[in-house]
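First to last, the protein sequences are chains H and B. By our numbering, the letter at position 288 of the first sequence is numbered 279, and the numbering carries on one by one without gaps. In short: position in the second sequence from 1, add 1, done, that's our numbering. Note that CB positions come from ideal geometry on N, CA and C, so glycine has one too. Here the structure is a predicted model, which is why all the values come from computation and not from measurement.
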Amino acid sequence: MMKECMVRLIYCEMLGYDASFGYIHAIKLAQQGNLLEKRVGYLAVSLFLHESHELLLLLVNTVVKDLQSTNLVEACMALTVVSQIFPREMIPAVLPLIEDKLQHSKEIIRRKAVLALYKFHLIAPNQVQHIHIKFRKALCDRDVGVMAASLHIYLRMIKENSSGYKDLTGSFVTILKQVVGGKLPVDFNYHSVPAPWLQIQLLRILGLLGKDDQRTSELMYDVLDESLRRAELNHNVTYAILFECVHTVYSIYPKAELLEKAAKCIGKFVLSPKINLKYLGLKALTYVVQQDPSLALQHQITIIECLDHPDPMIKREVLGEYSYLLDKEKPEEVISRLYKLLRNQSVSSETKAWLIAAVTKLTARAQASDTVERLIEEFSASLDTCMRQHAFELKHLHENVAVMRSLLPVSKSCEDMVVDASLSFLDGYVAEGLSQGAAPYKPHHQRQEEKLSQEKVLNFEPYGLSFSSSGFTGRQSPAGISLGSDVSGNSAETGLKEANGLKLEGVKKLWGKEGYLPRKESAAGQEVEAPPGAPGISASENLDRVAARRTQAQALTQSKEEKEKQLLASSLFVGLGSESAISLLGKADTVSHKFRRKSKVKEAKSGEASSAHNLTCSSLDSLSNTACEDNAYLTTLQDGEDAKSKDFPLSSELSDSESLSELPLAEKLSDFSLSAPSLFADSDMEIFQPLSSAAASVTTDTTSASCFLEETTEDTCSGCVEVCSDETVSVSSYKLWKDDCLLMVWSVSSKSGSEVKGANLDIFPAQNFKISKHPGCCLPVTEAGSTRNFQYSLQMEKSFTEENLSGFVNYQMVDTHSVQLEFSVNLSLLDFIRPLKISTEDFGKLWLSFANDVKQNIKISESQAALPSALKTLQQKLRLHVVDIQGDEGLLACRLLPSTSSLLHCRVHGDGLALWFRSSCPALLDYLSCQCQKAMEGS
Amino acid sequence: MQFMLLFSRQGKLRLQKWYVPLSDKEKKKITRELVQTVLARKPKMCSFLEWRDLKIVYKRYASLYFCCAIEDQDNELITLEIIHRYVELLDKYFGSVCELDIIFNFEKAYFILDEFLLGGEVQETSKKNVLKAIEQADLLQEEMVYIRRQAVSTEGKYDQIQEIVVSYFYLQKVKMQTTEFKVDVF
C-alpha cells in the first residue's frame, strides 16, 4: 500500500507539487520494505533527494545492508542508488564493499560497481585514488559491459590529466580495433553497427591522449583511418561515429592524409539533406577552418544556400562563423541576401540580431553600399531594442570606416582579439550615473525575485503577526527540527526554502528561528548589486549618446555578450504563458490519484500478457498507413518537380519520407515480432480516425439541413415515429439529439393533404424534465400547409432511466369543432447521453479523477471479436465517443447532459469483452453497463 | 548527460531524470523554458539546440517529446541514438508502447531508464542485457506476491490454492527459460 502511495507521490512531485513530507517515507520504504517495496523506495529516494540532502544519511545503513545481501537484486538496487546519489562524507562506509563487488561473479554487479566508483570519482576524486589499479583490471574485464563502464572513469581521468595515461594508448587502440573489426558479441550491435557507444567513448579518449603529442598520435592513425573507412552505412549512428572520428582527427597531432579524409567526411555532412547532419557539418567546419580555410571555401556555395534555410539554428551557425570566408561571392551580394532575410517577417528577432551582426562584419569589406544605408535607416526605428542597438552600432561604424577596419580585420576570426568582458572602461560612466541618483543595475532574475518577494510581503502583512506565526511556523517545524542541526540561522532558512514548495517562500523571509526577520533578504540583495553591466543602462538613457560611447566596446564583445543578451531576452518572454498550463493540471488530478491506481496497474499487467496476441491488427494498420504516406510523399515529389522548385523541397521531402519509413522498417527487420511500435509510427493515433469521424458527424450541431439528414438516416431510432392518429391527421415525432439538450419535434400532418387549421400542441409537465418551446425551425422538412411542426427542447432535471412524455394535440376540423388527440413518447436516459470528445491524455486525467467504477464482462459473438467492430456498435447504439484504440484496448467517453461525464475502457480477450466504466455518478455507471450489454447482445 | 525530460505535445511533463544536483526551483524553471522552446520548434528544424551553456537534443515520437541536455563536448548524434534506444527498450518492454503506458507505469519507465543510463552515462548498450535485468527484478517481485498470496489463501478455498500453485509453477518455468539468475528469496 505504501508502495502505491509512493508511486503517486512521485507523480505528484513531477506535476509540480510539494512532496517533501513524503521523503522520509521513501527512505523508510527502502529500509523496511520487502523487495517489491524496496525497489520503489530506492527509486523514490533517487528521484526526490539530491546529494547533499540530510535525509540521505539515513539511507547509508540500508545501502550497506543491501550491499552485503546475497540476493542479487537487492545488491543491484543498492548499487544503482549509490551510483546516482550518495553523500560524499559517507563514501568510506561503502567503499570497501563496492571494491569487493569488482570481483563479483556476475557481470551486472561488476558493471554497476564500476559505475558507482565512477560516481565517487566525480564527487570525491581523492577517495578513490588508491583503487586506480583496480580500474585497470576493470578495463581488461572479460565482459564488454564492464569494460565499457570503466571507460567513463578513464575518460574523466584523462580529461583531468592526460599525461598520466599515455601508456594505455595501446590498449585503447587495440580495443577500438577489435570493436571496429566486429569482434564483439552481436548483442552489442546497434542497428548492425558494432557498439557505437563504445566506439565513441574510445575515440574521445584517443582524442584527448593524442592532443599535441605526435608520438602518441602516431599509434592511432591506423585505427582512425579504419574507422573512417568502415563507417559507410547510411544510418545516423554511423554519422555519429564519423563525427566523433573527425573531431578526434582534428584534435590530435595532424596527419595530412587523415585530415583530407576527415574533410571529405565533413563534406558528406554539409551536403546531406538531413538537417541534423547539415547542422553538425557546419559545426564541424568551425574547427576545420582553424586548420585549413581552403576546405571551407569548397563548401561556400552550400554555406550560402544555408542562409535560406528555414531553421534559425542553421542560419545562426552560418552567420556566426563564415561571413569572413566569402571570397568568390561579392560582399554586396551577400549583404543584399541578408537584407532580404531581415525583412522577412517570419524570422525571429534573435536571428535578426545575428543577421545584422553578420552584415556589420561584411560591411567592413564592402565599399559604401546602398543596401547597408537603407538597412540602417529602416532598423534605427525598429521596435526591438536589440535591433535598434545593432543598427546604431552599424551606423557609427559605417560612418567611420577607419575604426571599422581596425575593429573588424579581414580574414581573422574575432576570437583572437582580446576582449574586456567586464567592461571595466565603463566603470567611470556608471559611477557618474550612480552619483546622479540612477538606480543601480540589477540582473533580470534578481529584479524578478525582488518583485516576487515584495508581492508576497504585501500579501502576508494584513494577516497580522500572531496569526501567521502560529499557522506557518507550526507547519514548518517538523521539517526544521529533523533537518541539519549544525547549519545555523539564516542559511538553514534559505536551504529550507529551496527544498520546500512555492507557497512558503514569502513567509520565510519574514519569519525565522529568532522571530521576525525584517527584510533581511532584500537588504542583502541591495548590497550584492551586480557589477555595472551595459544592457540595463541603455534602456533608460539617451540612446544616441550611449551608442556613441559604447559602439567600440559593443563591437568587441559582440559575439559573447550578444548571445547572453539574446538568452536574457528570450527568457524574459518565455516564462509567461506556462504558468497557466501548469495550473491546468488541476487539483482534482492529485486527489483522484489516491484512489484509483491499483486496479489500473493490475489491468495493465494482465493486458501485457494478452496484448501479444492481439497486436496483429494494429500493426497491419500502421503498416498500410506508412505505405499510404509513402505514396503521399511520392505525389508531393512529383508536384515539386512540376513546380520546378527542384533543389529544396525535393531534398527535404526525400529526407522526410526516408526518416519516416526507415524506423519501422529497421525495427521489423531486427525483430520479427509483428508489433508495429506505436511510438515509431508518427501517425499511429490517426489510424482510427475514420471510426470516430462517423461519431463526429452524428453529433455535430444540427442547424444545417444536411446534418440533420445525416443524423436521421444514421440513427434509426430517431426516425419518424407515428405517435397517434385519427382519420384526418397523424402525429409523428422525431428525437433530435442536440449537443446541449434533447430536441423533440412533433409534426402534425393532415392525411388528406389539406391544411391543418389551428393546430396546437401541449406537453404535460413531467417531473424529470425541463421542457421549453424551442424557437426557430431546425427541420428541413417544409412546413407546408398540410404539416405543422412543434419543437420542444428537453433538459434533464432528475436522473431517471425510462420515462413517458405525454401530451395532446388540438386541431380544428373543417367544420370548426376542435379535436383533441393524446399521445405519449417513451424517453430513456440514453437520449441524454452524448459523445464526449476528449484527447487520450485528457481521458487519462479524467479517468483518475473519478471515484466510482463498474466492471463487467460481456460475451461477444465471433463476428464482433475484433475490437473495432465492438466499439463501433457501442458508438452507434449508445453514442459513445471512441477516444483511442491501442492494440486490444479501446477508450470511449460520453457525457450525460448537462455535464456528467463517464469513461469506458474496454479490452477484448478471447471471446469476451471486459468493460470498465468510470464516472462521478454511480447511477450512470449501472445504467451504462446495462445498456452496453444490451447493445452488444442485440447486435 | 545532465538531464532527461519526457513531455507531451501539450507540454505536460511525463518523466524527468536529473543527473546533476539542482534545486527544485531551478528544475522547474529549466523544464518550463525548455518545454516551451522545444514545442515552438517546427518539424523541419534540426533536433539540436544550443541553450544556456548546454546542448539540447530532442526527438519526437508520436505525441511524446524526448529531450536530453548534454555538455558541450558530447556527441549530439549519439545522444539521439540514446533516445532512440530508450524508446526501443520501452517498446520492447511494454509491447508497442504509447504515452498512456508511460503515464500509468511511469515507475517502470524509470526502472528501465536506470538500467540503461546510470549517473548520466550509458550503463549497458546491449538491449538484451538491459531487458534481462528488468525482467529479473520484475520476476522476483511477482514471485513475492504469489508466495504471499499462497500463504494467505491456505485458509481459503481449495480452488484458489490450486490456481495459485499453477501460476506459481508457470512462473518457475518461465524463470528457468529466461534467466540463469540465482534466486535466493526463499
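Residue span of the alpha helix (DSSP H) that contains residue i, given as start and end
i                     : result
residue 82 (chain B)  : 77 to 95
residue 835 (chain H) : 831 to 840
residue 115 (chain B) : 107 to 117
residue 257 (chain H) : 247 to 262
residue 111 (chain H) : 98 to 114
residue 22 (chain H)  : 14 to 23
residue 945 (chain H) : Any question about residue 945 (chain H) goes unanswered here, given that chain H covers just -8 to 930.
residue 117 (chain H) : That residue, residue 117 (chain H), is in no alpha helix (DSSP H); it is neither H nor E in DSSP.
residue 212 (chain H) : 205 to 221
Cβ separation of residue i and residue j, assumed to be a contact under 8 Å, to the nearest whole Å
i                     : j                     : result
residue 190 (chain H) : residue 171 (chain H) : 7 Å
residue 720 (chain H) : residue 714 (chain H) : The pair is not a contact, with the Cβ atoms about 12 Å apart (cut-off 8 Å).
residue 253 (chain H) : residue 219 (chain H) : 7 Å
residue 70 (chain B)  : residue 112 (chain B) : Not confirmed; about 22 Å, so no contact.
residue 137 (chain H) : residue 98 (chain H)  : 6 Å
residue 887 (chain H) : residue 862 (chain H) : Contact flag wrong, Cβ pair sits at about 20 Å.
residue 831 (chain H) : residue 27 (chain B)  : Rounded, the Cβ-Cβ distance is 31 Å, inconsistent with contact.
residue 88 (chain H)  : residue 58 (chain H)  : 4 Å
Three-state secondary structure (DSSP) of residue i
i                     : result
residue 931 (chain H) : This structure leaves residue 931 (chain H) out entirely; chain H is present only between -8 and 930.
residue 875 (chain H) : strand
residue 23 (chain B)  : coil
residue 714 (chain H) : strand
residue 62 (chain B)  : strand
residue 7 (chain H)   : coil
residue 5 (chain B)   : strand
residue 564 (chain H) : For residue 564 (chain H), the predicted model reports a pLDDT of 39, less than 50, meaning its position is unreliable and no value from the coordinates is stated.
residue 753 (chain H) : strand
residue 903 (chain H) : strand
residue 759 (chain H) : coil
residue 31 (chain B)  : helix
residue 825 (chain H) : strand
residue 486 (chain H) : Summary for residue 486 (chain H): the model assigns pLDDT 39, below 50, so the residue's position carries little reliability, and this model does not support an answer.
residue 185 (chain H) : strand
residue 448 (chain H) : In this prediction, residue 448 (chain H) has a pLDDT of 45, which is less than 50 and means its spatial position is unreliable; what the coordinates show is noted afterwards. In this structure, residue 448 (chain H) counts as helix in the three-state DSSP scheme.
residue 947 (chain H) : Lying before the first or after the last residue shown, residue 947 (chain H) is absent from chain H, which here runs from -8 to 930.
residue 10 (chain B)  : coil
residue 175 (chain H) : coil
residue 492 (chain H) : Note that residue 492 (chain H) has pLDDT 37, beneath the 50 cutoff, so the model's placement of it is unreliable and no number is given.
residue -8 (chain H)  : coil
Residue interval of the beta strand (DSSP E) (run including residue i)
i                     : result
residue 843 (chain H) : 843 to 850
residue 780 (chain H) : 778 to 787
residue 885 (chain H) : 880 to 887
residue 931 (chain H) : Residue 931 (chain H) lies beyond the range of chain H shown here (-8 to 930); nothing can be said about it.
request  = Residues of the segment 121 to 133 of chain B with a CB closer than 7 Å to any CB of chain H: list them in chain order, please.
outcome  = 122, 123, 124, 125, 126, 127, 129 and 130
key: Where the segment 130 to 143 of chain H meets chain B: residues whose CB sits under 7 Å from a CB there   = 136, 139, 140 and 143
ask   = What are the residues of the segment 96 to 110 of chain H that lie near chain B, defined by any Cβ-Cβ distance shorter than 9 Å?
value = 97, 98, 99, 102, 103, 106, 107, 109 and 110
message = Assess contact between the segment 121 to 134 of chain H and the segment 94 to 108 of chain H, defined as three or more Cβ pairs (one per stretch) separated by less than 8 Å. Is contact present?
response = yes
key: Interfacial residues, the segment 4 to 35 of chain H to chain B, with Cβ spacing under 7 Å   = 5, 7, 25, 26, 27, 30, 31 and 34
inquiry  = Across the segment 112 to 121 of chain H and the segment 132 to 141 of chain H, are there enough close Cβ pairs to call them in contact, namely three or more that are closer than 8 Å?
reply    = no
message = Under 8 Å, CB to CB, which of the residues in the segment 35 to 57 of chain H have a partner in chain B?
response = 37, 38, 41, 42 and 43
Inter-stretch contact (C-beta, 8 Å, three-pair minimum) for the segment 2 to 22 of chain B and the segment 904 to 912 of chain H = no
key: Short-range partners of chain H found in the segment 102 to 114 of chain B, where Cβ spacing is below 9 Å   = 102, 104, 105, 106, 107, 108, 111 and 112
ask   = How do the segment 826 to 845 of chain H and the segment 780 to 796 of chain H stand: do at least 3 beta-carbon pairs fall below 8 Å, yes or no?
value = no
request  = Evaluate the contact criterion for the segment 784 to 804 of chain H versus the segment 746 to 753 of chain H: three or more CB pairs, one atom per stretch, below 8 Å.
outcome  = yes
ask   = Of all the residues that make up the segment 209 to 236 of chain H, which are near chain B by a beta-carbon distance shorter than 7 Å?
value = 227, 228, 230, 231, 234 and 235
request  = Using a Cβ-Cβ cut-off of less than 9 Å, give me the residues of the segment 254 to 271 of chain H that come near chain B, in sequence order.
outcome  = 265, 266, 267, 268, 269, 270 and 271
Members of the segment 186 to 207 of chain H that neighbour chain B once the beta carbon cut-off is set at 8 Å = 186, 187, 188, 189, 191 and 195
message = Does the structure place the segment 78 to 88 of chain B close enough to the segment 11 to 22 of chain B that three or more beta carbon pairs sit under 8 Å?
response = no
query = Can you find at least 3 beta carbon pairs, one from the segment 911 to 921 of chain H and one from the segment 832 to 843 of chain H, that sit closer than 8 Å?
reply = yes
inquiry  = To be precise: take each residue of the segment 871 to 891 of chain H, compare its Cβ to all Cβ atoms of chain B, and keep it if any distance is under 7 Å. Which residues remain?
reply    = 877 and 878
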